[in-house]
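Enquirer: With this note's numbering, letter number 203 in the sequence shown gets 215, and the count goes up by one each step, no holes. Just so you know, even glycine gets a beta-carbon here, dropped at the ideal spot from N, CA and C. What you are looking at is a predicted structure, and each value in this text was computed from that prediction instead of being measured.
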Amino acid sequence: MTTIHDIPVEILCAIFSLASREPDSSPSIFKTGDDFQDCVVLIDLSRVCRYWRDTALENPTLWSSLRIRLIRPSDETLLQVTHFLELPRPLIHALVSHCDRFSKISLDIAQAVEPQPYWPRTLVDISKAPTDYVTDLCHATFGGERLEELHFIWPWFPRPLESPLPALKMLRIASYQNYDVLDPMAKWLPLALNLEELEIIDRSFSPSSNVEEWKKSDQHFLLSNLRSLTASPSLLPHFICPNLAKYAMRRIPWESGVIGCFENFIDRSDPPLHTLEIKEGFSFSRENAIGFLKPRFTTIIVTSPHNNFFSLLSMMSEGGDRAYFLPALKHIELREVGEKFVYELSDLVELRWDVGASHRTLESVKLRRSLESMPEALLHPGDANLDITSLEVKWRRLARRVKQGLIISREECT
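Rendered as structure tokens:
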């Protein structure tokens with residue numbers, strides 16, 4: 013999938029405005045190979061969807077695989093985006109619901125986010141179900157036996173399917189309103205018994221608001237092949253995943269009882285779990301954070317880590333010969349780390365690297381969209397010719413460990 017970054021507001025609005033210039037004409041180009049032009053065509057095609065419904069259903073390859081990433085959008089941009097995303101919904105819905113030729117279906121284009129107070133009130137809520145035509149889609153095929161990956165917004169497809177999805181490996185369900193998460197789980201998971209990756213996002217779910225309802229539920233799902241699970245800890249009592257290797261959560265919850273859900277899940281599933289991911293690093297400031305740092309984890313992935321994260325992982329045992337939390341940690345992956353945390357990262361690496369060969373476990377640090385000013389020399393482990401004195405002072409401690417064999421890598425992917 014091609015991502016278009018940081019399109020200026022005036023250009024983005026110009027793209028959307030093309031949709032209303034010639035409403036009675038049909039686009040003459042479907043695929044140009046140029047990202048910008050493809051985006052124009054995609055929006056134009058959506059605008060005249062009443063003319064191209066049959067064509068798009070007959071030939072799904074006409075649709076470009078594009079994603080526009082909006083960074084700090086203005087009010088005008090948000091208004092344009094939400095208005096024009098409403099236009100193709102009937103066509104998109106019909107297309108993915110009734111075509112059995114897809115191996116991947118992703119409706120991330122409609123992924124909602126938590127409303128911000130500065131957003132214009134006239135924004136269209138694209139997470140709501142398209143009630144004007146959803147009643148006609150009672151028997152969707154969703155790719156049939158070919159579908160391997162599916163991302164979708166739960167309110168868009170509330171009706172259950174009739175056929176299993178034996179090839180489905182990755183399922184991503186998002187619900188951003190007050191919908192019961194157990195409902196989509198109950199309708200979709202029994203059809204996807206071969207899942208390897210499952211992600212369930214519900215931004216509005218709060219265990220404290222419906223504890224009794226959750227306690228009464230006896231829904232359980234055995235996912236024998238699942239290797240990666242992203243879900244709230246409060247959902248874990250409903251899963252048995254004997255082969256789970258990675259568990260991810262959006263943030264560490266503050267509610268009492270979530271640690272028990274996590275620990276009982278591990279005891280019940282007895283998985284080879286070794287990777288923990290926290291998508292909102294600021295939540296390490298909560299007391300519950302300690303309960304999730306189990307000794308079994310050898311890899312940790314954190315987005316936007318703050319001081320609390322570095323402090324916890326830099327704590328040493330009373331004898332000072334090993335880390336207090338995650339003593340078996342081998343791999344650290346950090347995303348969106350600001351330059352101001354260079355010294356905290358250096359402290360963390362230094363403490364875990366200098367414990368001595370017998371207790372040293374740390375092998376690598378991977379950085380994504382982080383520390384852009386880091387010298388290229390630090391990305392070459394074991395380089396005997398690395399001149400540490402030629403580097404800025406703030407990089408020297410990391411450089412010494414790199415020279416001794418620590419692996420640091422950096423990726424700028426989205």
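1. In or out: T44 buried (at least 16 other Cβ within 10 Å) or exposed?
2. Can you tell me where the alpha helix (DSSP H) with S329 in it begins and where it stops?
3. Between the segment 292-305 and the segment 259-274, are three or more C-beta pairs nearer than 8 Å?
4. Beta-carbon separation of S236 and P254 under 8 Å?
5. Where do the N-terminal and C-terminal ends of the alpha helix (DSSP H) with M197 fall, by residue?
6. Answer yes or no: do L403 and P393 have a C-beta to C-beta separation smaller than 8 Å?
7. Out of P339, P317, S316, state which residue places its alpha-carbon closest to the alpha-carbon of T493.
8. Check the DSSP bridge columns for F233 and list the partner residues they point to.
9. For S385, list the residues DSSP reports as bridge partners.
10. Could you tell me whether the Cβ atoms of F321 and L357 are closer together than 8 Å?
11. According to the Cβ coordinates, are V349 and S382 closer than 8 Å?
12. Between the Cα of A396 and those of K406, D195, Q416, E384, spot the shortest distance and give me the residue it belongs to.
13. The alpha helix (DSSP H) with E4 in it runs from where to where?
14. Quick check on DSSP: helix, strand or coil for A340?
15. Output the boundary residues of the alpha helix (DSSP H) element that contains K181.
16. For V377, which three-state DSSP category applies?
17. Per DSSP, which residues does H371 bridge with? Please list them.
18. Which residues in the same chain as S326 place their Cβ atom closer than 7 Å to its Cβ, once the five residues preceding and following it in sequence are excluded?
19. DSSP on T242, reduced to helix/strand/coil?
20. Taking 8 Å as the threshold (C-beta atoms), are F337 and L305 in contact?
21. Taking the continuous beta strand (DSSP E) assigned at A260, which residues delimit it?
22. Distance, Cα to Cα, D282 vs I312?
23. Who are the near neighbours of K258 in its chain, counting only those whose CB is closer than 6 Å to its CB and skipping five residues on each side?
24. Could you pull out every residue in the same chain whose Cβ sits closer than 8 Å to the Cβ of P178, ignoring the five residues on either side in sequence?
25. Per DSSP, I420 forms a beta bridge with which residues?
26. DSSP three-state label for E209, please.
27. Which residue's Cα is closest to the Cα of T315: R334, L374, K378?
28. V314 lies in the alpha helix (DSSP H); which residues open and close that run?
29. In this structure, how does DSSP classify L162 when only helix, strand and coil are distinguished?
30. To the nearest angstrom, report how far apart K406 and H343 are at their CA atoms.
31. Just to confirm my understanding: we take N319, look at its own chain, exclude 5 residues before and 5 after, and list those with CB closer than 7 Å. What are they?
Expert: This is what the structure gives:
1. The residue you call residue 44 lines up with position 32 of the sequence shown. In this prediction, T44 has a pLDDT of 47, which is less than 50 and means its spatial position is unreliable; nothing more can be read from the coordinates.
2. Locating residue 329 in the sequence shown gives position 317, counting from the first residue. Careful: S329 lies outside any alpha helix (DSSP H) and carries neither H nor E.
3. A contact exists between the segment 292-305 and the segment 259-274.
4. One-based indexing of the sequence shown puts residue 236 at position 224. One-based indexing of the sequence shown puts residue 254 at position 242. Their beta carbons are under 8 Å apart, which means S236 touches P254 by this criterion.
5. As a first step, residue 197 is located in the sequence shown; it is residue number 185 there, counting from the start. Unbroken alpha helix (DSSP H) run through M197: 194-200.
6. Along the sequence shown, one-based indexing puts residue 403 at 391. Along the sequence shown, one-based indexing puts residue 393 at 381. With contacts defined by Cβ atoms closer than 8 Å, L403 and P393 do not form a contacting pair.
7. The first residue shown for the chain is 13 and the last is 426, placing residue 493 beyond what the model contains.
8. In the sequence shown, residue 233 corresponds to position 221, counting from 1. Beta-bridge pairing links F233 to F251.
9. For the purposes of this step, residue 385 is taken as residue 373 along the sequence shown, with counting starting at 1. Paired residues: none, contrary to the question.
10. As a position in the sequence shown, residue 321 is number 309, starting the count at 1. As a position in the sequence shown, residue 357 is number 345, starting the count at 1. For F321 and L357, no; Cβs fall outside 8 Å.
11. Here residue 349 refers to the residue found at position 337 when the sequence shown is read from its first residue. Here residue 382 refers to the residue found at position 370 when the sequence shown is read from its first residue. Result yes, Cβ atoms of V349 and S382 sit closer than 8 Å.
12. Here residue 396 refers to the residue found at position 384 when the sequence shown is read from its first residue. Residue Q416 holds the alpha-carbon nearest to the alpha-carbon of A396 among K406, D195, Q416, E384.
13. In the structure displayed, the chain extends from 13 to 426; residue 4 sits before or after that span and is not available.
14. As a working note, residue 340 is residue 328 in the sequence shown. Coil at A340, not helix or strand.
15. Stepping through the sequence shown from its first residue, residue 181 is reached at position 169. Element bounds for K181: n/a, residue is neither H nor E.
16. Within the sequence shown, residue 377 is the residue found at index 365, counting from 1. It is a strand residue.
17. Here the question's residue 371 lines up with position 359 in the sequence shown. According to DSSP, which records beta bridges pairwise, H371 is partnered with nothing at all.
18. Residue numbering aside, residue 326 sits at position 314 when the sequence shown is read from its first letter. Result list for S326: D359, L360, L363, in chain order.
19. Looking up residue 242 in the sequence shown gives position 230. Annotated three-state conformation of T242 is strand, per DSSP.
20. Residue numbering aside, residue 305 sits at position 293 when the sequence shown is read from its first letter. Residue numbering aside, residue 337 sits at position 325 when the sequence shown is read from its first letter. Yes.
21. If you number the sequence shown from 1, residue 260 lands on position 248. Per DSSP, A260 belongs to the beta strand (DSSP E) from 258-261.
22. Locating residue 282 in the sequence shown gives position 270, where the first residue counts as 1. Locating residue 312 in the sequence shown gives position 300, where the first residue counts as 1. Distance from the CA atom of D282 to the CA atom of I312, rounded to whole angstroms, is 19 Å.
23. For this step, residue 258 is matched to residue 246 along the sequence shown. S240, T287, listed in sequence order.
24. Within the sequence shown, residue 178 is the residue found at index 166, counting from 1. Counting only Cβ-Cβ distances below 8 Å, and skipping sequence neighbours, we find E157, L205, N206.
25. As a working mapping, residue 420 is identified with position 408 in the sequence shown. According to DSSP, I420 bridges with V377.
26. Along the sequence shown, one-based indexing puts residue 209 at 197. In the structure shown, E209 sits in a strand (DSSP, three-state: E or B).
27. Against the sequence shown, residue 315 aligns to sequence position 303. The residue among R334, L374, K378 with its C-alpha nearest the C-alpha of T315 is K378.
28. Reading the sequence shown from its first residue, position 302 is the one you call residue 314. First-last for V314: 311-315, but that is the beta strand (DSSP E), not the alpha helix (DSSP H).
29. In the sequence shown, residue 162 corresponds to position 150, counting from 1. Look at L162 here: in three-state DSSP terms it is strand.
30. Against the sequence shown, residue 406 aligns to sequence position 394. Against the sequence shown, residue 343 aligns to sequence position 331. C-alpha separation (whole angstroms): 22 Å.
31. By 1-based counting over the sequence shown, the position of residue 319 is 307. Hits under 7 Å: E356.
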